[in-house]
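The next block holds one structure in the form of structure tokens; read it before the comments.
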Amino acid sequence: MIGAAIVELLAVPAVAALVGDRVYPVELPDEPVLPAVAYQVISERPKRGGKRLPGVRSSSLQLSIVAADYDAAYAVAWAIRRRLEGWCGEVGGMVLYDAMEEDSRDVGDAAPHVVAMTWRIHWKEKGE
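The opening residue of the sequence shown carries number 3 in the working numbering; numbering runs sequentially from there.
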């Protein structure tokens with residue numbers, strides 16, 4: 003469910019200008035056109051705090067940005083960062099309360115270049 007929201011959020015012109023519609027669940031297809039993004043849910047749990055919020059979930063997602071070189075990968079990472087950081091609102095049949103980047107790192111040192119970003123997103127299904 004959160005995957006559909008991520009695809010929709012990344013379809014904005016600033017990100018789409020770099021990756022088009024090349025945002026995939028879990029892994030990239032064989033021989034993908036680059037740059038491209040793969041998203042994967044790392045964990046998901048009910049949101050807990052001082053008081054429980056009915057229906058609210060907390061998901062940890064990894065976005066793997068794959069590009070021909072370092073500069074292209076980081077251009078996509080920055081466009082995603084500007085789009086997602088602190089975003090809240092309705093998207094893809096869900097209500098997103100917050101999106102926070104938890105980590106970003108280079109993966110490997112060979113081409114193609116990969117930037118792995120970890121995001122924490124608090125959300126619930128619309129109407130819950």
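Positions of the beta carbon are idealized from the N, C-alpha and C atoms, including for glycine. If you're wondering where the values come from, they're calculated on a predicted model, not measured in any experiment.
Beta-carbon separation of residue i and residue j under 8 Å?
{"i": "Gln64", "j": "Thr120", "result": "yes"}
{"i": "Lys126", "j": "Gly95", "result": "no"}
{"i": "Arg85", "j": "Ala16", "result": "yes"}
Identify the continuous alpha helix (DSSP H) that holds residue i and give its terminal residues.
{"i": "Trp80", "result": "Tyr72 to Leu86"}
When you compare each of the options to residue i by their alpha carbons, which one comes out closest?
{"i": "Pro37", "options": "Arg83, Ala70 and Met102", "result": "Ala70"}
{"i": "Glu33", "options": "Asp108, Val97 and Val68", "result": "Val68"}
{"i": "Ser61", "options": "Val25, His124 and Arg83", "result": "His124"}
{"i": "Ala7", "options": "Val109, Asp108, Ala118 and Trp89", "result": "Trp89"}
{"i": "Ala74", "options": "Val21, Pro15 and Gly91", "result": "Val21"}
{"i": "Val28", "options": "Tyr72, Val35, Val39 and Ala19", "result": "Val39"}
{"i": "Pro114", "options": "Ser45, Tyr76 and Val97", "result": "Tyr76"}
To the nearest angstrom, how far is it from the Cα of residue i to the Cα of residue j?
{"i": "Gly5", "j": "Met102", "result": "16 Å"}
{"i": "Asp23", "j": "Ala13", "result": "7 Å"}
{"i": "Ala79", "j": "Leu11", "result": "14 Å"}
{"i": "Val2", "j": "Ala118", "result": "The displayed coordinates of the chain run from 3 to 130. Any statement about residue 2 would go beyond what the structure contains."}
{"i": "Arg47", "j": "Val58", "result": "9 Å"}
{"i": "Ser66", "j": "Tyr99", "result": "23 Å"}
{"i": "Ala81", "j": "Pro56", "result": "32 Å"}
{"i": "Met3", "j": "Val9", "result": "10 Å"}
{"i": "Leu30", "j": "Glu92", "result": "27 Å"}
{"i": "Arg83", "j": "Arg122", "result": "12 Å"}
{"i": "Glu104", "j": "Ala112", "result": "24 Å"}
What are the partner residues of residue i, as DSSP defines its beta bridges?
{"i": "Tyr41", "result": "Pro27 and Leu65"}
{"i": "Gly91", "result": "Leu98"}
{"i": "Pro48", "result": "Arg59"}
{"i": "Met119", "result": "Leu65 and Ser106"}
{"i": "Glu127", "result": "Met96"}
Could you give the residue range of the beta strand (DSSP E) that holds residue i?
{"i": "Ala19", "result": "Looking at the DSSP string, Ala19 is not in any beta strand (DSSP E); the run it does join, the alpha helix (DSSP H), is Pro15 to Val21."}
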